[in-house]
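Numbering (our numbering), first residue to last: 163 to 591.
Just so you know, even glycine gets a beta-carbon here, dropped at the ideal spot from N, CA and C.
Given below as structure tokens:
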């Protein structure tokens, strides 16, 4: 077939059907846009969850907690034993345990007062006593982590603030009350007073004690859930206000001599009725939550994609049936089957590729814009991640290629079925 005939064939092919063709390509455009947008934001959400749920707990460490739940001086029991001095000594005496770092909550109320952004600020707090070994040399390099009430006249109570607690403050309190958001760097050196034995909702019979305090560092360690202060200070406060109570630890961080011994330590701890958490267990919990979010976004994107492909294929089939006479003319002119099939398959491939690439580009742009807008509005997100949009170029290219092959393959298959019709029937009015 001459070039002039091929051009005429293309002219006949598109005549009167451009609206249907634009509609089907528009559906593919919207589908590729939304698919790329959801993939990009979904991966960004996964990174955000990994940031919040990931743990600094090394592979050779196990975190041991009571079966009950404790929040400050409130304690709930579910039948499990508490972590007493005897239990800790028994675990520490195991030959596979290298070190045990205890944590202890203050079982008395406490109130923190200070200035935040030049305005008076107070809040009830929960103090958690931790050891210097638990925090590590990287945090305590220039901090004297030893403090008792006898030091209150000459020294500040050193505070290690959990960055996770800081993020919760930014998300749950600062934004709702139009207060300035806080960054880890911005709170360092902040001075305040801590009153032990009294809070806004409770007070002990013994007179409260007020000490000066200062935030010396922040920590991302997921094992620190409250305001970290020296262990001996919390132990002294508990003994002073609750002299008849036995020392009870809120948690033990056990470091195994070898990472291979962690399963045995977990078994030993659970046999005592205590809970044991490892890095693998925490990661599995994070994966469940991340997987649920990713699956929801993927299901929505898949539904949009299937709808777009179904619409495009339906439109294509209807166009092919409506163009039976044009096909009959081309075949009567002697156009070979393969050439005719390649002409229209290439047309579909080219237009679909252009449509999906433009849709993917706009989807990336929308994802970037949504990420920038959310980060500008939320200090908690801005402190956690640099971007909520992730662009896996390789996977996006592979997805576009798969969609092109699928749509072109379906078009070629349906076109072949129509070409199998005798020419006389195609030319019949």
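Option in the options with minimal Cα separation from residue i
i: residue 294; options: 382, 393, 364, 282; result: 393
i: residue 352; options: 524, 223, 283; result: 283
i: residue 454; options: 562, 266, 207; result: 207
i: residue 324; options: 346, 309, 223, 526; result: 346
i: residue 300; options: 423, 383, 512, 558; result: 383
i: residue 224; options: 244, 430, 303; result: 430
i: residue 532; options: 194, 189, 184, 199; result: 199
i: residue 205; options: 457, 307, 513; result: 457
i: residue 189; options: 426, 559, 522; result: 522
i: residue 424; options: 260, 255, 187, 209; result: 260
i: residue 416; options: 391, 561, 524, 256; result: 256
For residue i, the three-state DSSP class (helix, strand or coil)
i: residue 249; result: helix
i: residue 417; result: strand
i: residue 233; result: Residue placement at residue 233 cannot be trusted, given a pLDDT of 45 that sits under 50; what the coordinates show is reported in the next sentence. Residue 233: strand per DSSP, three-state reduction.
i: residue 239; result: A caution first: residue 239 carries a pLDDT of 46, below 50, which makes its placement in the model too unreliable to give a value.
i: residue 378; result: strand
i: residue 286; result: strand
i: residue 263; result: strand
i: residue 320; result: strand
i: residue 390; result: strand
i: residue 363; result: coil
i: residue 532; result: helix
i: residue 352; result: coil
i: residue 552; result: coil
i: residue 201; result: helix
i: residue 525; result: helix
i: residue 562; result: helix
i: residue 280; result: coil
i: residue 408; result: coil
Close Cβ partners of residue i (< 6 Å) along its chain, the five nearest in sequence each way excluded
i: residue 268; result: 289, 396, 399
i: residue 227; result: 413, 437
i: residue 196; result: 466
i: residue 274; result: 285, 287, 354, 356
i: residue 243; result: 435
Distance between beta carbons of residue j and residue i, contact taken as under 8 Å
i: residue 319; j: residue 371; result: Not confirmed; about 11 Å, so no contact.
i: residue 437; j: residue 229; result: 6 Å
i: residue 344; j: residue 377; result: Between residue 377 and residue 344 the Cβ distance is about 10 Å, and since that is not below 8 Å, they are no contact.
i: residue 222; j: residue 420; result: 7 Å
i: residue 526; j: residue 314; result: Not a contact, Cβ separation roughly 57 Å.
i: residue 381; j: residue 329; result: Residue 381 to residue 329, Cβ: 12 Å. No contact.
i: residue 187; j: residue 469; result: Actually they do not touch by this definition, with Cβ atoms about 15 Å apart.
Cutoff 7 Å; reference residue i; Cβ partners in own chain excluding five residues on either side
i: residue 520; result: 191
i: residue 462; result: 200
i: residue 364; result: 271
Sequence-distant residues of its chain with Cβ nearer than 8 Å to residue i (five each side left out)
i: residue 270; result: 235, 358, 359, 366, 399, 400, 403, 404
i: residue 250; result: 262, 264, 411, 414
Cβ-heavy atom distance, residue i to the ligand SAH, below 6 Å
i: residue 193; result: Inclusion of the ligand SAH in the displayed structure is not the case, the ligand content being empty and no account of it being possible.
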